[in-house]
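Visitor: Below is the structure I would like to discuss, written out as structure tokens.
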Amino acid sequence: MRCASGREPVYRKTFPRHHPVRDRRRGPALSCHRPLVPATRTERAVSESPASSTLPRRQLGRYLRDWRIQAGLTIAEAAKLMEWGASTLQRLEKGNADRIRTIDIHELCRIYGIPAEIADGLKGLAQQAAVKSWWHSYGDLIPENFDIYVGLEASAQQLSCYQSELVPGLLQIADYARALNTLGYPEDTAAEVNRRVQLRLQRQALITRRMHPATVAMVLHESVLHRSVGGARVMAAQVRHLAELSTRPNVVLRILPFEAGVPLGLSTGPFVILEFGTDGKGQPVEPPVVYVEGFTGDLYLERQGDVQRYRRAQECLERCALEVQDSRNLLRQVAKEYAA
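For the sequence shown, the working numbering begins at 2 and goes up steadily by one.
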């Protein structure tokens, strides 16, 4: 599988201050509930993307660019081997190609020396290139072990997340990840589980690297802290790790307490909003994408109305969550309780 919180692939390759809430010990949160109003004209304009650009196209282009560079070829050299103009390959790598043929992707995979199992995933992306809002069912066109989300996550500059069940993969310690993988892959050997754990830990460089780490705004439901994974010792270390991560300048972590109830009036389930930065003119480099993890497949949304609805849901959850320092204090308190 894939995912923000769950299984690993076999291979890869300033947040606004919201309205204050009361401390959970002093009473219920205030000013949490605001209607999810329609997107404004400005919001719609910012969220629109070029007609030819879709998530499958951009991911396909990203992978092809990485493999071309790994093969030691320039755009001009690779285009010549394809008997194309350099601009044709450049548009393909940027996700702006008007037409994508699987036969061309097959030939590029041959030129770049891409393994067959990865080539199958790339050809699956090519077949879904025109899709805007995309349900990726595992094994349907794209092999189950070809991870779409991890490649997308690695390109993000800002992630806004809500998780109600598990600690997200980006914030997991090794023992927590190992406990989950042991349950999720009972047929795997210890070596295979360890490999999956290492892959998950490598993803965390996105937020811990020294140069230009991604910014994360995370809301965790309080139930995540009390859902035991791996036993008390593992949970104590994991919750302590969350408290430490919350001190990083690029990580804003809030806990949504039980007392907050159901702020949106319905369950959204876990989700991630991924954003990819802006160009010199202040315009998005790529359209933002909402990722919703499922048990048998994943949902990717990039229509402006869908993205704005999830943005407003995230804002509501943040307003209803504890303040950052109160959240950190709660994490440290829970860690002590597990360690006792």
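Heads up, the beta-carbon is just placed ideally off N, CA and C, and yes, glycines get one too.
So, with DSSP's three-state summary, where would you put R1?
Guide: With the chain covering 2 to 341 only, the question about residue 1 has no answer from this structure.
Visitor: Between L275 and V217, how many whole angstroms is the CB-CB distance? I'm expecting something under 8 Å.
Guide: Not a contact, Cβ separation roughly 11 Å.
Visitor: Helix, strand or coil: how does DSSP classify G298 here?
Guide: Strand, per DSSP.
Visitor: In or out: P1 buried (at least 16 other Cβ within 10 Å) or exposed?
Guide: Nothing about residue 1 can be read from this structure; the chain reaches only from 2 to 341.
Visitor: Since V220 sits in a beta bridge, which residues does DSSP pair it with?
Guide: Per DSSP, Y163 and R255.
Visitor: Please go through the stretch 219–249 and give each complete alpha helix (DSSP H) segment of 4 or more residues, from N-terminal end onward.
Guide: Whole alpha helix (DSSP H) segments, 4+ residues: 224–227 and 233–246.
Visitor: Could you check the C-alpha separation between A30 and C321 for me, to the nearest Å?
Guide: For A30, the predicted structure reports a pLDDT of 36, less than 50, and the residue's modelled location is therefore unreliable. A value from the coordinates is still provided. Between A30 and C321, the C-alpha separation is close to 6 Å.
Visitor: For H107, which option in Q158, V325, V225 and L65 has the closest C-alpha, if you only look at C-alpha atoms?
Guide: The shortest Cα separation from H107 among Q158, V325, V225 and L65 belongs to L65.
Visitor: CA-CA distance, R63 and E223?
Guide: So the two alpha carbons sit approximately 37 Å from each other.
Visitor: Among L246, C162, L90 and Q158, which one has its Cα closest to the Cα of C280?
Guide: The residue you asked about is not Cys; residue 280 is Asp in the sequence shown. Out of L246, C162, L90 and Q158, Q158 has the C-alpha closest to the C-alpha of D280.
Visitor: Assign I70 to one of two classes, buried (16 or more other C-beta atoms within 10 Å of its C-beta) or exposed (fewer than that).
Guide: So I70 ends up on the exposed side.
Visitor: Buried or exposed: where does S229 fall if 16 or more other Cβ atoms within 10 Å of its Cβ makes it buried?
Guide: Result: exposed.
Visitor: Hey, S328 and R255 are a contact pair by Cβ (cut 8 Å); roughly how many whole angstroms apart?
Guide: That pair is a contact at about 5 Å.
Visitor: Should Q203 go down as buried or exposed, given a rule of 16 or more other Cβ atoms within 10 Å for buried?
Guide: Exposed, by the Cβ-count rule.
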